[in-house]
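One structure is given below, encoded as structure tokens.
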Amino acid sequence: MKKCKKCHGETGDGKGSGAKDLEIKPKAFTKDYLSNRSDGQLFWIIEKGSANTDMEAFGPGSETNISKDDTWKVVTFIKEKFGK
């Protein structure tokens, strides 16, 4: 979760310390944003990254190499912590 917090922030507001120099700011994990994204969409973004942004891939084969199981745990964490 350390890597997530760097850009998305401790509170999921998209204003982490790593976000200040990014041209395209990270998404804030608002209830509205999360209610419009399926778990599968979030999984894909975490695993593959997001085109035309600085959101890197974290899934298998990436530098971070998070397992599919752990990626689902991140999705669950985000939804439970910020989606309410």
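Using my numbering, you'd call the opening residue of the sequence shown number 419 and step up by one each time.
Note that the Cβ used here is the ideal one computed from N, Cα and C, for glycine as well.
Of all C-beta pairs linking the region 447 to 456 to the region 470 to 482, fewer than three are shorter than 8 Å, placing the two stretches out of contact. In this structure, the straight-line span from the alpha carbon of residue 501 to that of residue 454 is close to 10 Å. Looking at 426, 456, 464, the one whose alpha-carbon comes closest to that of residue 443 is 426.
A direct Cα-Cα distance of roughly 18 Å separates residue 441 from residue 423.
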